[in-house]
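Colleague: Sequence lines, in order, name chains A, B and C.
Using this note's numbering, the first residue of the first sequence is number 1, and each one after it goes up by one.
Using this note's numbering, the first residue of the second sequence is number 1, and each one after it goes up by one.
Using this note's numbering, the first residue of the third sequence is number 1, and each one after it goes up by one.
We put the beta carbon where it would ideally sit given N, CA and C, even for glycine.
On a predicted model such as this, the values are computed, not experimentally measured, just so you know.
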Amino acid sequence: MALAEASVPRRQVATYAVERPERRVGRMASRLFFLVLLAGVTVVFLAPLAWLVSASLKTRSQVFNGEWVPDPVMWSNYVDVWRAAPVLSWLQNSLVVGLLGAVAVTLSSAAVAFGFAYFRFRGRDVLFGLVLATMMLPGAVTMIPVYLIWNELGLVNTLVPLWAGNLFGSVFYVFLLRQFYLGLPRDLFDAARIDGANYLQMWWRVALPLTRTALIVVFVFEFKALWTDLLKPLIYLYDTALFTMPRGIKTLIDRFGQGGEMQWELVLAATTVLTVPLIALFFFAQRYFIEGIATTGTKG
Amino acid sequence: MDRHADDHEKGARVRRPLAALLLAASLGLATAQQMEASGALRVLGFGVPDEIASVRVERFEELYPDVELQLTEGAIDQQQLLTAIASGNPPEVVYLNRDDLSTYARRGALQPLDQCVEQAGIDMGQFRPAAVQPVTLDGTVYGVPEFNNIVLLIVNTAALEEAGMSLEDLDTSDWDAIARFNEQLTAVDGGNVTRFGFDPKLPEFFPLWVRANGGQLVSDDGRTALLDSPEAVEALEFAVGLHEAAGGRGPFIAFRDTWDFFGANNQVAANQVGAWPMEQWYVNVLVESSPDAPVAFAPFRDRRGNVLSFATGSAWAIPTGAANPDAACAFMAAMTHQDTWYAAAQERARLRAESGTTYTGTYTGNLAADERIFGELVQPSGNEAFDRGVEVILEVQDAAFSIPANPAGAEVRQAWTDAVNRVLNGEQSAAEALAQAQQEAQSALDEAWER
Amino acid sequence: MGAVAQGALRARPAAGPSGLRRAEARAGWAFIAPWAVGCLVFTAVPMVTSLYLSFTEYDVLRPPRPVGLENYRDMLVDPRLRLALWNSFFYTALYVPLSVALALGLALLLERVTRAAGFFRTAFYVPSLTPTVAVGALFLWVLNPSVGILNRALALFGVDGPGWTTDPAWIKPGLVVMSLWSLGGTIVILYAALKNVPRDLYEAARIEGASGWAEFRHVTLPMISGAVFFVLIVNTIAALQVFDEVYTMYFGQMDSGAGSSAALFYVVYLFRQAFEFLNMGYASAMAWLLFVVILVITLVQLRVSRRWVYYEGR
Numbered sequence: 001m002a003l004a005e006a007s008v009p010r011r012q013v014a015t016y017a018v019e020r021p022e023r024r025v026g027r028m029a030s031r032l033f034f035l036v037l038l039a040g041v042t043v044v045f046l047a048p049l050a051w052l053v054s055a056s057l058k059t060r061s062q063v064f065n066g067e068w069v070p071d072p073v074m075w076s077n078y079v080d081v082w083r084a085a086p087v088l089s090w091l092q093n094s095l096v097v098g099l100l101g102a103v104a105v106t107l108s109s110a111a112v113a114f115g116f117a118y119f120r121f122r123g124r125d126v127l128f129g130l131v132l133a134t135m136m137l138p139g140a141v142t143m144i145p146v147y148l149i150w151n152e153l154g155l156v157n158t159l160v161p162l163w164a165g166n167l168f169g170s171v172f173y174v175f176l177l178r179q180f181y182l183g184l185p186r187d188l189f190d191a192a193r194i195d196g197a198n199y200l201q202m203w204w205r206v207a208l209p210l211t212r213t214a215l216i217v218v219f220v221f222e223f224k225a226l227w228t229d230l231l232k233p234l235i236y237l238y239d240t241a242l243f244t245m246p247r248g249i250k251t252l253i254d255r256f257g258q259g260g261e262m263q264w265e266l267v268l269a270a271t272t273v274l275t276v277p278l279i280a281l282f283f284f285a286q287r288y289f290i291e292g293i294a295t296t297g298t299k300g
Numbered sequence: 001m002d003r004h005a006d007d008h009e010k011g012a013r014v015r016r017p018l019a020a021l022l023l024a025a026s027l028g029l030a031t032a033q034q035m036e037a038s039g040a041l042r043v044l045g046f047g048v049p050d051e052i053a054s055v056r057v058e059r060f061e062e063l064y065p066d067v068e069l070q071l072t073e074g075a076i077d078q079q080q081l082l083t084a085i086a087s088g089n090p091p092e093v094v095y096l097n098r099d100d101l102s103t104y105a106r107r108g109a110l111q112p113l114d115q116c117v118e119q120a121g122i123d124m125g126q127f128r129p130a131a132v133q134p135v136t137l138d139g140t141v142y143g144v145p146e147f148n149n150i151v152l153l154i155v156n157t158a159a160l161e162e163a164g165m166s167l168e169d170l171d172t173s174d175w176d177a178i179a180r181f182n183e184q185l186t187a188v189d190g191g192n193v194t195r196f197g198f199d200p201k202l203p204e205f206f207p208l209w210v211r212a213n214g215g216q217l218v219s220d221d222g223r224t225a226l227l228d229s230p231e232a233v234e235a236l237e238f239a240v241g242l243h244e245a246a247g248g249r250g251p252f253i254a255f256r257d258t259w260d261f262f263g264a265n266n267q268v269a270a271n272q273v274g275a276w277p278m279e280q281w282y283v284n285v286l287v288e289s290s291p292d293a294p295v296a297f298a299p300f301r302d303r304r305g306n307v308l309s310f311a312t313g314s315a316w317a318i319p320t321g322a323a324n325p326d327a328a329c330a331f332m333a334a335m336t337h338q339d340t341w342y343a344a345a346q347e348r349a350r351l352r353a354e355s356g357t358t359y360t361g362t363y364t365g366n367l368a369a370d371e372r373i374f375g376e377l378v379q380p381s382g383n384e385a386f387d388r389g390v391e392v393i394l395e396v397q398d399a400a401f402s403i404p405a406n407p408a409g410a411e412v413r414q415a416w417t418d419a420v421n422r423v424l425n426g427e428q429s430a431a432e433a434l435a436q437a438q439q440e441a442q443s444a445l446d447e448a449w450e451r
Numbered sequence: 001m002g003a004v005a006q007g008a009l010r011a012r013p014a015a016g017p018s019g020l021r022r023a024e025a026r027a028g029w030a031f032i033a034p035w036a037v038g039c040l041v042f043t044a045v046p047m048v049t050s051l052y053l054s055f056t057e058y059d060v061l062r063p064p065r066p067v068g069l070e071n072y073r074d075m076l077v078d079p080r081l082r083l084a085l086w087n088s089f090f091y092t093a094l095y096v097p098l099s100v101a102l103a104l105g106l107a108l109l110l111e112r113v114t115r116a117a118g119f120f121r122t123a124f125y126v127p128s129l130t131p132t133v134a135v136g137a138l139f140l141w142v143l144n145p146s147v148g149i150l151n152r153a154l155a156l157f158g159v160d161g162p163g164w165t166t167d168p169a170w171i172k173p174g175l176v177v178m179s180l181w182s183l184g185g186t187i188v189i190l191y192a193a194l195k196n197v198p199r200d201l202y203e204a205a206r207i208e209g210a211s212g213w214a215e216f217r218h219v220t221l222p223m224i225s226g227a228v229f230f231v232l233i234v235n236t237i238a239a240l241q242v243f244d245e246v247y248t249m250y251f252g253q254m255d256s257g258a259g260s261s262a263a264l265f266y267v268v269y270l271f272r273q274a275f276e277f278l279n280m281g282y283a284s285a286m287a288w289l290l291f292v293v294i295l296v297i298t299l300v301q302l303r304v305s306r307r308w309v310y311y312e313g314r
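(1) Compare the C-beta of A/G66 against all C-beta atoms of chain C and say whether one is closer than 8 Å.
(2) With 8 Å set as the bound, which would you pick, yes or no: does the beta-carbon of A/D229 sit closer than that to a beta-carbon of chain B?
(3) Exposed or buried, which one is B/Q397 when buried takes at least 16 other CB atoms within 10 Å?
(4) With 16 as the cutoff for other CB atoms within 10 Å, does A/Q179 come out buried or exposed?
(5) With a threshold of 16 other CB atoms inside 10 Å of the CB of A/E67, please say whether the residue is buried or exposed.
(6) Determine the closest residue to B/R350 out of B/E432, B/D418 and B/I373, with distance taken between C-alpha atoms.
(7) Give a yes or no on whether the minimum CB-CB distance between A/V160 and chain C is below 8 Å.
(8) Would you identify the three-state DSSP class for C/T248, choosing helix, strand or coil?
(9) Would you list, in sequence order, the uninterrupted alpha helix (DSSP H) runs of no fewer than 4 residues that lie entirely inside the region 263 to 329 of chain B?
(10) Considering only DSSP beta bridges, list what B/A225 is partnered with.
(11) Cβ closer than 8 Å: which chain F residues qualify as neighbours of B/S290?
(12) Tell me which residue opens and which closes the beta strand (DSSP E) that B/Y95 is part of.
(13) Considering only the beta carbon of each residue, do B/R98 and B/G313 sit closer than 8 Å?
(14) Please state whether DSSP places C/E57 in a helix, a strand or coil.
(15) Taking Cβ positions, are B/Q111 and B/I318 nearer each other than 8 Å?
(16) Threshold first: 3 residues or longer. Then list the beta strand (DSSP E) segments lying entirely within the region 45 to 122 of chain A, N to C.
(17) Does A/N151 have its Cβ less than 8 Å from a Cβ in chain B?
(18) Go to C/A210, then tell me how far its alpha helix (DSSP H) extends in each direction, as first and last residue.
(19) Note the first and the last residue of the continuous alpha helix (DSSP H) segment covering B/R195.
(20) In angstroms with no decimal places, state the Cα-to-Cα distance between C/F119 and A/P21.
(21) Taking a Cβ distance cut-off of 8 Å, strictly less, list which residues of the region 90 to 112 of chain C are near chain A, in chain order.
(22) Is the distance from the Cβ of C/A238 to the Cβ of C/I171 below 8 Å?
(23) What number of angstroms, rounded off, separates the C-alpha of B/I403 from the C-alpha of B/A232?
(24) Closest to C/F271 by C-alpha separation, out of B/L63, B/L82, B/G247 and B/V43, would be which residue?
(25) If you measure between the beta carbons of B/F297 and B/A385, is that distance less than 8 Å?
(26) Short of 7 Å in beta carbon distance, which residues of its chain neighbour B/G409, apart from the five on each side in sequence? Order them along the chain.
(27) By the 8 Å beta-carbon criterion, what residues does the region 252 to 266 of chain B contribute toward chain C?
(28) Using the three-state DSSP reduction, which class does A/T251 fall into: helix, strand or coil?
(29) Buried or exposed for B/N466, please, with buried defined as at least 16 other CB atoms from any protein chain shown within 10 angstroms of its CB.
(30) Between A/A280 and A/E222, what straight-line distance do the alpha-carbon atoms span, to the nearest angstrom?
(31) Could you name the residues of chain C that A/S108 contacts, counting a contact when the two beta carbons are closer than 9 Å?
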């Protein structure tokens, strides 16, 4: 993890005088105390998720009985949800949107970021200032006209508006990736140019591989954002079979929740199906997630 | 569920009017005029949840094999419908709440159906007046009604007995009697409600209470909002006041959320409620899930003692710019024809008989269909309570009112719904809340009529 | 770090024949093209359109009708708009300080248990991965006054939990509790910032006899102030625009009544006006008001940060 670690100053080893035993016990006690405290907070944090999974496996009348372990364990709830709604389609749609959108934004943002980082041309910094300024724009301002644009193009009620905007890069990721590119020594690129590479090859073969970690961070973040987005499918899709998972779950809540057929165990099962892949993705890509967030904080 | 006609049939494009007529005659559609219809037909907002729906759809497909029918699954909400209509490529037929229809019609989102009605021979006179009123704006018909859900009183007789009262004592024309009944039967155990006496079903049934009190929410011509009339304020105060017995709306809702509404241990069977006005489809639910529950049905009455009910339902309409209005028209005509209704009801009756439960009827909104269904298919089941229930529902069909068609339906409804909620939450008094709602509703109406 | 790195890529001034310069400029523009086009199509043009629409009455079904300042005048007298603004402000004012304080507290705790920190940090972060719709659905029941686990837990301590989802006075606090559950991201940022504080500063402080609290005030806080302000600003902007969870829980077909006033947040109301009532003109005006509000609040925060934030070497 060369790039990120380069920015963290190495800790200096403290030298202490020999410790007295009482002090040592005191320190251990205080550490134990903090561990217990943290463990308690962790339980609080994870309790709702535990309840989610547990409740999704209960019978309808038991959902709110307050027991942590379902008895009987209704694996059939997950099967029933599959039958009650086009959950498979929803998952597929979410996957398509997530992958297409994440790949699109990663590549396009990387290109744009590289443009701002490496090349020298007039107006570059002013333009970049403009990029920064647009970060402050609330989505609500452009939401309606963008909807009208897609409407004109006849692409409402398709998946296209949900991801195609990502083909043009995203200011947040451009900002992030530019930081990484700026950390690369210019000689590398000059050497590549001398070897006869054109600008595109320079970017593709030199810059991208070197910032691989950052790219994965961007991909992972955008995938998460697309996987969980509710607003775009809400305003663009009316054909149930085209819904993404979050939109589908909203439908399930409306249909099976209060005022509907009151089959909360199905709603909770679907919610679990929505959440688990993301958590699984996290465990595989943990370092990218954590690093990505940490970096935005320190470099922001 | 997507239904597609065979591709090669679509390619063939052979018109078979004679064959179709013969088919129609053999299916008993003597009065229908068979239209020429083919091509794609997208229907939005109509799920196919049961045999009442699927049988009718099948009949349409038999009549018009050249039409490629595409149904989008599941009911949709207003926002989805608007998106679809605004998209420039709307579906051919939409299925929506009758009360919302005039809003879309006024904005020009729906096509007038006069031509369609003539061509397809739809007899608008067959539909119940309360069903036709919301789909008619300025004398033009914009929708074909389907279903007529009315409201009746559902009573938990076990609770009645406990209170030493009889069904006659619970006369909803006497609001003091309602209050007394509510007081007596509401049971609270240490902060938790264990039974609620009389649930006024707010905010949904606010129009019912206002009407019972002699007022109405919107003028008949649909131009003036009357939300802050003294009758409305009084009605709201009374209905909200019923919650006080349980300690307010909060405890009541928390309690209501725990009801097993659609299950065998529903709030009637479990003695959790005394009585409440409810849409008639719940009678069906009760007969299926708890046929032995101690229940009785009675008509709701206004304060003058007349039978009163509140009608809602759906309607079919054709969006402006739909690509295949002929097929759309044929579809709507077929779906709401009395023969189609009858066939669907026959199927349901058969299924019910097979499973040993009672068929309590289907309220189609089409008078002719209703007469045949209830005359021929619905038999006394021996379960007195439910038989009486069926009688009540029929009795009440024509005493039902609906909110007059107006072009700001959604906003008006939002205005009084929010007002009722504000009062229920204790944020405002009834007079204040309704005054605010009146302002909002009237300005929405004015703007809508201006366009 | 950033300054040095920037120098690396920009080390040499643009030398060589002007043809090379022009080629480089052209290539630069080529790389930036996607953003430039996208910015034009999806940002610049929509911004202008949105501003234009805010002066019209438009329901998509018919052409826009210019009405001058009417939308803005209506906003001034619309009681629901004021309610929406108030709801969003209240929620933001309650949530942001709490979230930063709590995240900082937890990050400090993480610091104390150096080796196990990674595990706990993961535990805190995982909830924030839950999709917003799922959070809404989940907390509708976690917060339920009679059967939800929150009130059940409170009951263990003898506390009679309030009506988080049924009592209008407690709906926003309930939403704050829900949002605090997703603190993970903030904790990660602050924890990283804490780890970045040079140890020798603590050494120096200890040698001078500083107590724990003084250490915190004079060493820790200033050194992480950059991250703290970043988190404050980002969380404020996000809190003012919250939509998914609130809409899932209290709106759509789920008009539960209790939330119809108390949970009417600004973007929810905007969405309603735009896509449920088709008042696109009015909704556009609302969007611009939101923009101005966010701009002002962020500028104020930036100005304050300039006074209080300590940047090493700047």
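Modeller: For this structure:
(1) yes
(2) no
(3) buried
(4) buried
(5) exposed
(6) B/I373
(7) no
(8) helix
(9) 281 to 289
(10) B/V218
(11) Included in the structure are the protein chains A, B and C, with no chain F among them.
(12) V93 to N97
(13) yes
(14) strand
(15) yes
(16) none
(17) yes
(18) From DSSP, C/A210 is part of no alpha helix (DSSP H); its letter is neither H nor E.
(19) Segment N192 to F198 is the beta strand (DSSP E) holding B/R195; no alpha helix (DSSP H) there.
(20) 29 Å
(21) L106, L109, L110 and R112
(22) no
(23) 14 Å
(24) B/L82
(25) yes
(26) D99, D100, S102 and T103
(27) I253, A254, F255, D257 and T258
(28) helix
(29) Only positions 1 to 451 of chain B appear in this structure, which leaves residue 466 of chain B out of reach.
(30) 16 Å
(31) P34, W35 and G38
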